[in-house]
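The structure under discussion appears below in the form of structure tokens.
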Amino acid sequence: MNKSYTITLLPGDGTGPEITDVVLKVLESTGIKIQWEIMEVGESAMEKYGTPLPDKVLASIKKNKIALKGPVTTPIGTGFRSVNVALRQKLDLFACVRPCKLYKGVKSKYENIDLIVVRENTEDLYAGVEFMPESKEAKKIIELSEGKIAKGSAISIKPISRKASERIIDFAFNYAIKNNRKKVTAITKANIMKFTDGLFFECGKEVAKKYPQIEYEEKLIDNMCMQLVQKPEIYDVLVLPNLYGDIVSDLCAGLVGGLGVAPGANFGDNIAVFEAVHGSSPKYKGQNKVNPTALLLSAKLMLEYIGEKEKATILENAIASVISEGKKVTYDLGGTAKTTEMGDAIIERIKYGN
Ligand code: NAD
């Protein structure tokens, strides 16, 4: 008998619900049995429950230990803070994994790119420790800096801990082994930030000793950006602190065809939330226009995670086949297909073969 899974679903807002609908239909066509616990977050949750991230959403993900999530809009300047960042913090989803693979048929200047970006998710300049100009705290830090910081500066703090660095680097090596990868590259700016980024590299060297079967190397972020543009095919698994990881994942998404095809996953200890790299693209809301591939490939990562490797491969092959043929693809891939038409083409491949 087919196994059944219970998974929390956050359709999100903007274009989120449109692509989520397509993903549910495509998953159903693989024959997998999933009971979805559908939850609202963001603006609509704010209106109904007075919070963008109700406790029952967190409780559902904690119970099921797994969620599939559409993008959620973060108001700029005013309103609530990012639901996406809050989810990562509250569930201690410390590792963000973003595979960047070039599929045949996607327009790109490159060939053979198959990179995995592993980003630390909990600390660094994202920790939100910031002080306003002329605040008591900023003045104290300026005094401590003995002339290195100009008076009246605003200050952001960059915490990097041994615990979080070892944990993310260990995760990257484990990911490399489980996914038959050969090399892990740690990336920072340790020549300038000797203590924070220096600690990240120190942890890299230590952790690498446990995994002699995987090659380990260190690169500086500026040089690495150039190398990724010039010869991305020589890299394999990249591991980075939070802010560099954020920037490099978008760079790598650009190498393989843009945000429409870039999937992602956030992992904690025995808990995972799968989501596309892209946001809610509010300007396209309701137009049935955006590419469902990024969320579909995130769902493929989810199938692998729950052990449904065969169905994951069927799904990936169907997506790859539709992209490679190029007839039923969305605008960002040079086509005119609607979100639902691309989804239907993928379902056809799943049902009747490539
Ligand atoms: P975005 O990713 O929503 O869109 C940027 C551009 O990328 C779009 O205008 C579009 O041209 C393209 N694009 C994005 N997704 C696409 C798709 N599926 N198919 C085709 N093209 C696609 O980024 P933004 O406009 O900066 O952010 C919009 C909102 O989303 C903001 O409120 C932001 O905070 C939020 N956001 C959420 C997440 C998340 O939920 N994890 C991630 C990033 C941004």
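Heads up: the sequence shown runs through residues 16 to 369, numbered per this note's numbering.
The beta carbon of each residue, even a glycine, is placed where N, CA and C say it ideally should be.
Taking only the alpha-carbon atoms, compute the straight-line gap between V344 and A314 and give it to the nearest angstrom.
Straight-line Cα distance between these residues: approximately 18 Å.
Could you tell me whether the region 315-334 touches the region 43-51, using the rule of 3 or more Cβ pairs below 8 Å?
Enough Cβ pairs lie closer than 8 Å, so yes.
Mapping the DSSP letters down to three states, classify A187 as helix, strand or coil.
Helix.
Indicate the three-state DSSP secondary structure (helix, strand or coil) for Y118 in the structure shown.
Y118 falls in the coil class under three-state DSSP.
Exposed or buried, what is K379 when buried is set at 16 or more other beta-carbons lying within 10 Å of its beta-carbon?
Nothing about residue 379 can be reported from this structure: the residues present for the chain run from 16 to 369 only.
Say yes only if the C-beta of L24 is nearer than 7 Å to one or more non-hydrogen atoms of the ligand NAD, and no if none qualify.
Because no heavy atom of the ligand NAD lies under 7 Å away, the Cβ of L24 does not count as near it: no.
Whose beta carbon lies closer than 5 Å to any heavy atom of the ligand NAD, going through the chain in order?
Chain-ordered list of matching residues: P86, V87, T88, T89, N99, L274, G275, H293, G294, S295, S296, V305, N306 and D347.
Three-state secondary structure (DSSP) at S336?
It is helical.
Where does R113 fall in DSSP's three states?
Strand at R113.
Take I81 and list the residues in its own chain whose beta-carbon comes closer than 6 Å to its own, dropping the five residues that flank it on each side.
Here the set comprises I22 and A287.
Do you know offhand how far F95's Cα is from G143's?
Straight-line Cα distance between these residues: approximately 14 Å.
Could you tell me which uninterrupted alpha helix (DSSP H) segments, each at least 4 residues in length, are contained entirely in the region 264-331, listed from first to last along the chain?
As far as the region 264-331 is concerned, its whole alpha helix (DSSP H) runs of at least 4 residues are 308-320.
For K353, decide whether its Cβ has a neighbour in chain D, counting only Cβ atoms nearer than 8 Å.
Absent here is chain D; the protein component of the structure consists of one chain.
Smallest Cα separation from A268: which of L243, Y226, E158 and K225?
Of the listed residues, the one whose Cα sits closest to A268 is L243.
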